[in-house]
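Each number in the working numbering corresponds to the 1-based position in the sequence shown with 1 added.
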Amino acid sequence: MKLALDTSQSSGSIALWDKGKTIWSACFDIRITHSETLMPQIDTAMKFCGYKPADIKTVLVTSGPGSFTGLRIGLATAKGIAYALKIPILTYSSLQLYALQRYHCGKDILVLLDAKMQEVYAALYNENLEEIYPPQVCTLEHILSWELRDCYLMERGINSLELLSQEKNVPFISVPYLPISAAGLFLLKEIFPQPEIYNLDYIANLEPKYLREYNAQIQKHKN
């Protein structure tokens, strides 16, 4: 059985996979912190489906970019489970998870998430979810320098469609917002397989992919 976690945004999701199919998928809007929500959600899913912690054989988790606090909590939870059960962790990009909604739909996929401070987390994928422009933090103006063709536009927390359409003269197809489920990580695992090997050093050194320093680090450097 496999457990998938996504806490990269203000909303979160978990999913369970067993015997070739998703058996539990739940999305939850965060009104309190991920630290108070994630473990109860996992516990509920496990009990409802009749599993014990020892049944988990692999943990899949988004490693970023996204909410600094959310990423730390999600990865720390995954690492704690992996340490306790001596099982592997597989990590995937949160932007790639978003792009999954338009996998094999015939166009490139531009993903933009609000990074605050007038910046966005951005990546451009082809229809096979292969990187054209890798995940990065930048301004919308910087994205205007990208070579963009007719593509799907997936964004959260910002409204860039009008700006990009006017400046690039490209017929973007805006994708309506849908909740993103951690169950998509199971498909990413099939598309981009990774070795499922328990490696203590690898797990110990796993860190969130923030793409930039968080505010506390910036302030520390200034001082």
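Beta carbons are placed, not taken as given, at the ideal position from N, Cα and C, and that holds for glycine.
request  = Can you tell me which of the three DSSP states Val-177 falls into?
outcome  = One point to set straight first is that residue 177 is Pro, not Val, in the sequence displayed. Three-state result, Pro-177: coil.
ask   = If we count the other Cβ atoms within 10 Å of its Cβ and call it buried at 16 or more, is Phe-173 buried or exposed?
value = Buried.
request  = Could you check the C-alpha separation between Pro-41 and Ile-82 for me, to the nearest Å?
outcome  = About 14 angstroms.
request  = Specify whether the stretch 149–166 and the stretch 66–84 touch according to this definition: at least 3 beta carbon pairs, one from each stretch, less than 8 angstroms apart.
outcome  = Taking one beta carbon from each stretch, the stretch 149–166 and the stretch 66–84 have fewer than 3 pairs nearer than 8 angstroms; the two do not touch.
query = Are the Cβ atoms of Tyr-126 and Gln-102 separated by less than 9 angstroms?
reply = No.
inquiry  = By the three-class DSSP mapping on this structure, what secondary structure does Ser-167 have?
reply    = Looking at the sequence provided, one finds Gln at residue 167 rather than Ser. Gln-167 falls in the helix class under three-state DSSP.
message = Does Gly-21 pass the burial test, meaning 16 or more other C-beta atoms within 10 Å, or should it be called exposed?
response = The residue in question, Gly-21, is exposed, as its Cβ has fewer than 16 Cβ neighbours within 10 Å.
ask   = Counting Cβ pairs closer than 8 angstroms, one from the stretch 55–64 and one from the stretch 3–10, do we hit at least three?
value = The stretch 3–10 and the stretch 55–64 touch, with three or more beta-carbon pairs separated by less than 8 angstroms.
key: Runs of beta strand (DSSP E) wholly within the stretch 32–116 (minimum 3 residues, chain order)   = The qualifying runs are 59–65, 90–94 and 109–115.
query = Under the rule that 16 or more other beta-carbon atoms within 10 Å means buried, what is Thr-78, buried or exposed?
reply = That one is buried.
ask   = Rounded to whole angstroms, how far is the Cβ of Ser-94 from the Cβ of Asp-7, which I believe are closer than 8 angstroms?
value = Contact flag wrong, Cβ pair sits at about 11 angstroms.
query = Counting along the chain, where does the beta strand (DSSP E) carrying Glu-156 start and finish?
reply = For Glu-156, the enclosing beta strand (DSSP E) begins and ends at 152–157.
task = For Leu-179, count neighbouring C-beta atoms within 10 Å of its own C-beta (all shown protein chains included) and say buried if the count is 16 or more, exposed if not.
result = It is exposed - the Cβ of Leu-179 has fewer than 16 other Cβ atoms within 10 Å.
query = To which residues of the same chain is Asp-19 closer than 7 angstroms at the C-beta, ignoring the five residues directly before and after it?
reply = Closer than 7 angstroms at Cβ, skipping near neighbours: Met-2.
Three-state class that DSSP yields for Gly-185 in the structure shown = Reduced to three states, the DSSP call for Gly-185 is helix.
query = Ser-182 and Ser-14 look like a contact to me (Cβ under 8 angstroms); what is the Cβ gap, rounded to whole Å?
reply = Correct: roughly 5 angstroms between the Cβ atoms.
query = Using 8 angstroms as the Cβ pair cut-off and three pairs as the minimum, do the stretch 126–145 and the stretch 205–214 touch?
reply = Three or more Cβ pairs closer than 8 angstroms define a contact, and the stretch 126–145 meets that threshold against the stretch 205–214.
task = Going by CA-CA distance only, name the one from Lys-87, Arg-150 and Phe-49 that's closest to Tyr-203.
result = Checked all of Lys-87, Arg-150 and Phe-49; the closest Cα to Tyr-203 is Lys-87.
ask   = Where DSSP assigns a beta bridge to Ser-12, which residues make up the other side?
value = Its beta-bridge partners are Asp-30.
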